[in-house]
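In my numbering, the protein residues as written are 246 to 379.
Below, the structure written as structure tokens:
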């Protein structure tokens, strides 16, 4: 999980500024915040469907007009399996991790996939080691 380095933006930031921020950090989403309060999430998909797809000027369009307002989030107790299920069922790629209304971090589908692959690799290595010792 990406924790204290979670990238955020404001609703009044331009789409261009938000996309530049996403490109600098090589990320696909920014949480849109008003102080400590989450207003929405701005994703690559929002850029494609709500800005480019609608012919809007990204330099003049504020993030708040095109962000996804219904943010699906998880708590810190959520397992990897549960988080993967949420991402699959809700067809989203980023999940803010919240506790008591406070942002703790952000999980992406890529983060979950990498964790799952590493976990499976460890299991395979343990099984190979077990078989070789038998």
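Beta carbons: idealized from backbone N, C-alpha and C, even for Gly.
Quick caveat, the model's predicted, so the values are computed rather than measured.
Residue j beta carbon less than 8 angstroms from that of residue i
{"i": "residue 257", "j": "residue 309", "result": "yes"}
{"i": "residue 260", "j": "residue 292", "result": "yes"}
{"i": "residue 341", "j": "residue 276", "result": "yes"}
{"i": "residue 262", "j": "residue 287", "result": "no"}
Member of the options whose CA lies at the smallest distance from the CA of residue i
{"i": "residue 269", "options": "253, 376, 357 and 323", "result": "253"}
{"i": "residue 350", "options": "331, 319 and 301", "result": "319"}
{"i": "residue 330", "options": "354, 311, 315 and 321", "result": "354"}
{"i": "residue 290", "options": "337, 301 and 315", "result": "337"}
Nearest-angstrom Cα separation, counted from residue j out to residue i
{"i": "residue 297", "j": "residue 365", "result": "39 angstroms"}
{"i": "residue 246", "j": "residue 313", "result": "Here the model assigns residue 246 a pLDDT of 49, short of 50, so the residue's position is not dependable and the matter cannot be decided."}
{"i": "residue 381", "j": "residue 324", "result": "This structure gives no information on residue 381, because the portion of the chain shown stretches from 246 to 379."}
{"i": "residue 307", "j": "residue 358", "result": "32 angstroms"}
{"i": "residue 327", "j": "residue 317", "result": "13 angstroms"}
{"i": "residue 299", "j": "residue 363", "result": "40 angstroms"}
{"i": "residue 339", "j": "residue 352", "result": "6 angstroms"}
{"i": "residue 294", "j": "residue 360", "result": "30 angstroms"}
{"i": "residue 372", "j": "residue 335", "result": "34 angstroms"}
{"i": "residue 367", "j": "residue 301", "result": "48 angstroms"}
{"i": "residue 265", "j": "residue 255", "result": "14 angstroms"}
{"i": "residue 315", "j": "residue 271", "result": "23 angstroms"}
Cβ shell of residue i (< 7 angstroms), same chain only, five flanking positions each side left out
{"i": "residue 267", "result": "273 and 275"}
{"i": "residue 321", "result": "342, 344 and 349"}
Segment contact flag, the region 344–359 with the region 275–282, C-beta cutoff 8 angstroms, min 3 pairs: yes
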